[in-house]
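Accompanying notes for the structure given below.
Number of protein chains: 2
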Amino acid sequence: MLHAVIMAGGSGTRFWPESRDARPKQLLNLAGERTMIQATVDRLGDLVGPQRVLIATNAKLAAAMREQLPGLPPSAILGEPCKRDTAPCIGLSALFVSRDDPEATMVVMPSDHVIGPDSVFQDAIRFAASLVDERPGRIVTFGIRPDYPAESFGYIERGEPLPVAVPPSFGTAKAYQVRQFREKPKVEVARQYLAAGNFYWNSGIFLWKAVTILEALAQHQPEMYGLLQRIGAAFDQPDFEAVLAREFQAIRGVSIDYAVMEHATDVVVVEAPFDWDDVGSWQAISRLRGADATGNTIAAKHVGVNTKGTIVRGPDGHLIVTLGLTDCVVVHTPDATLVANKHDEESIRQVVQLIKERGWEEHL
Amino acid sequence: MLHAVIMAGGSGTRFWPESRDARPKQLLNLAGERTMIQATVDRLGDLVGPQRVLIATNAKLAAAMREQLPGLPPSAILGEPCKRDTAPCIGLSALFVSRDDPEATMVVMPSDHVIGPDSVFQDAIRFAASLVDERPGRIVTFGIRPDYPAESFGYIERGEPLPVAVPPSFGTAKAYQVRQFREKPKVEVARQYLAAGNFYWNSGIFLWKAVTILEALAQHQPEMYGLLQRIGAAFDQPDFEAVLAREFQAIRGVSIDYAVMEHATDVVVVEAPFDWDDVGSWQAISRLRGADATGNTIAAKHVGVNTKGTIVRGPDGHLIVTLGLTDCVVVHTPDATLVANKHDEESIRQVVQLIKERGWEEHL
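Chains A and B supply the protein sequences, listed in that same order.
363 is the number that numbering that gives the first Met the number 0 gives the last residue of the first sequence; the numbers go up by one with no jumps.
363 is the number that numbering that gives the first Met the number 0 gives the last residue of the second sequence; the numbers go up by one with no jumps.
So, in structure tokens, the structure goes:
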């Protein structure tokens, strides 16, 4: 059976002041009416039933997740006791998924990307699942055709195409053997990848049998696997929460790419046939929500004069007036307001650091 | 005896969102710790006692004025029932002032300018009062040496200097006969005035015997004078408030310059020996409060990165972050936020109009 594991533990600071420690990007409705985690669950449609969805998140975010996802059973929210990167998260999720369904296939995906249309996404996941069915030890990944030399993504180098028919909705997209996973590159290297034409961005969407990934962890990360086994042995025990807290904390945080992917042999990359956006910064909001005739993207009670290419966001009752602004981002929340030049928004990380230094954590 | 009449009925929109219908510029502390009306009263020092200060304001602002000026008797606040420009306001004030002191000399001054040092201002007023004492029918005005071809002020053309000694604090400032009052000019005309060298900005500060200005109104504005007389006749009558409301409303609004000054003959202009700033826009705040090493003027809980020449104002608890901004104005209030390019802030009037058109008067 197909299960979906949605990784929703991220804490990003790039959308401050809307994103906060207690309300990270995946809980925000940056791209539309629904929050990103809601849209991610919606996107699954009938592909997997609510009983087979697992939201792997930080324990501190579990209550907010349950509130935003009333259609899922409360047990669908897996609250990790601490942050330990993607490999421990995926290993723990695989344990949960394979507990009642040892033959389970699982799709792992991030919770904070915008993907569409839903039907093409579902076609793509079904196709990937068929590739796993064909050879059960296989790992299937999704690659995004890069359109600029991004330094913020890992890359996947493809090899030979697989001799399989793709669904009609795929257009020119195909599946390929993976030649190699590549870490986030410097811009010069990213330019070479782009020029080579056979590199994809790593979307962070994976399909495999739960047993496949657990075996891979046993092989490549034996210490992690041992600690995960102790957690699995405590399932249904009265002290499960205590065991989980203790053993999970003891795991060294490491990414799934580094822990498994770079060692795996039978890996396939499916070129994503769907639209994809990682919503990496405020600028993405204009792209995703569209802009009015003057290039502005407004989600606020707003009056603008001589305002162009600007994003304005705020709660209902608060009036925001912009005057003579070009390419700015104005984001108002009840306790904090950001006014930034769009071309300078990478500095937002620096801002969060400065807020900490001033001792103003109440705004983070 | 010298009386002070402070005209505090203005409603300006240039400091929105800090200034509002119910809290105009004179009630704000734009230039320092004290509000502008408080600073205006403070500036009088021992020149006139609190019993001889009259605050002529709009009835709607009277309560706020009393609250900000606890050192004045409540009767010192004269609440006009409606807005009627400066001539009716001055005429009504002259009636009040001359009621118990028929020989009163009155200094009339705006409530929303920054003037200093106080001692030089007091020297100047004393000197002006001595000029009135010398020739009781005389009108004394104060002129500001212009430093750019402003279109937003009236001008005073000076004639021959008066053969009188000025106080030591005057420096090169002198008193002159007035040749002519000039309305707010177009910029080309203002440039000619500047080049001519014998023009001052009209500061709106006047000295005269109360009877002098009442006689002038009787002569040049007989209809207004008639209505003011009816109000004066009702002093101490039980129906005074009703008479005031009815008759004052019937007066046609007109400025004192137009109503009297342009017809008056024995008018003297004293070149202001004090520093003067009309605080005409947010830019004045940098000038008056000074700027830090990066040219910013901050009165807020603020974190700035790559921020230069920018004014940031907000209440205590609200964090404002600016990123990559140059020459901007960010003003936050609990229900509205302004983000403006400093060089575009004249458009603020347009903004207020747009807010009205949208039906969002709750923010005005």
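In this text, a Cβ means the ideal position worked out from N, Cα and C, and glycines have one as well.
Keep in mind that this is a model prediction, so the values were computed, not measured.
Asked: When you check each C-beta in the region 337 to 363 of chain A against every C-beta of chain B, which residues fall closer than 8 Å?; Found: Leu337, Val338, Ala339, Asn340, His342, Asp343, Glu344, Ser346, Ile347, Gln349, Val350, Leu353, Ile354, Arg357, Trp359, His362
Asked: Are any of the Cβ atoms in chain B nearer than 8 Å to that of A:Ile319?; Found: yes
Asked: B:Trp275 to B:Phe239, Cα distance in whole Å?; Found: 38 Å
Asked: Taking the straight line between their C-alpha atoms, what separation do you get for B:Thr140 and B:Ala174?; Found: 9 Å
Asked: So what does DSSP say about B:Cys327, is it helix, strand or coil?; Found: strand
Asked: Which chain B residues are close to A:His331, counting only those with a beta carbon under 9 Å from its beta carbon?; Found: His331, Thr336
Asked: Pull up the DSSP beta-bridge partners for B:Gly78, would you.; Found: B:Thr56
Asked: Going by CA-CA distance only, name the one from A:Leu1, A:Pro167, A:Pro166 that's closest to A:Ser97.; Found: A:Leu1
Asked: Compare the beta carbon distance of B:Trp15 and B:Leu324 with 8 Å and say whether it is the shorter of the two.; Found: no
Asked: Which stretch, first to last residue, makes up the alpha helix (DSSP H) that contains B:Asp365?; Found: Residue 365 of chain B is absent from the model: chain B starts at 0 and stops at 363.
Asked: Pick out whichever of B:Pro162, B:Glu102, B:Ser254, B:Ala299 has its Cα sitting closest to the Cα of B:Gln176.; Found: B:Pro162
Asked: Please classify B:His342: is it buried, with 16 or more other beta-carbons within 10 angstroms of its beta-carbon, or exposed?; Found: exposed
Asked: Who are the neighbours of B:Asn305 on chain A, taking C-beta pairs under 7 Å?; Found: Asp343, Ser346
Asked: Hey, is A:Gly289's beta-carbon within less than 8 Å of any beta-carbon in chain B?; Found: no
Asked: May I have the straight-line CA-CA distance separating A:Ile138 from A:Glu270, to the nearest angstrom?; Found: 14 Å
Asked: Compute the beta-carbon to beta-carbon distance between B:Leu68 and B:Phe95, rounded to the nearest angstrom, for a pair I have assumed lies under 8 Å.; Found: Wrong, their Cβ atoms sit about 17 Å apart, outside the cutoff.
Asked: State the beta-bridge partners of A:Ala7 as determined by DSSP.; Found: A:Thr56
Asked: Do the region 278 to 286 of chain A and the region 310 to 330 of chain B make contact, defined as three or more Cβ pairs closer than 8 Å?; Found: no
Asked: Assuming B:Ala339 is part of the beta strand (DSSP E), what are its boundary residues?; Found: 335 to 340
Asked: What does the Cβ neighbour count give for B:Lys185, buried or exposed, with the cut at 16 atoms within 10 Å?; Found: exposed
Asked: When you check each C-beta in the region 293 to 304 of chain B against every C-beta of chain A, which residues fall closer than 8 Å?; Found: Lys300, Val302, Val304
Asked: Let me make sure I understand the geometry here. Which of A:Asp132, A:Arg251, A:Gln220 has the alpha-carbon closest to that of A:Leu206?; Found: A:Asp132
Asked: Which value, in whole angstroms, describes the spacing of the CA atoms of A:Lys307 and B:Lys82?; Found: 38 Å
Asked: Out of B:Pro237, B:Glu246, B:Pro148, which has the shortest C-alpha to C-alpha gap to B:Leu193?; Found: B:Pro148
Asked: What residue does the beta strand (DSSP E) around B:Thr140 start on, and which one ends it?; Found: 138 to 143
Asked: Would you verify that the beta carbon of A:Leu322 is, or is not, closer than 8 Å to some beta carbon of chain B?; Found: yes
Asked: In the structure shown, what three-state DSSP assignment does B:Thr306 receive?; Found: coil
Asked: Does the distance from the CB of A:Met6 to the CB of A:Ser110 come in under 8 Å?; Found: yes
Asked: State the start and end residues of the unbroken alpha helix (DSSP H) segment that holds B:Met105.; Found: B:Met105 -> not in any alpha helix (DSSP H); beta strand (DSSP E) instead, spanning 104 to 109.
Asked: On the DSSP letters alone, give me the boundaries of the beta strand (DSSP E) that B:Ile354 sits inside.; Found: Run containing B:Ile354: none in the beta strand (DSSP E); it sits in the alpha helix (DSSP H), 347 to 356.
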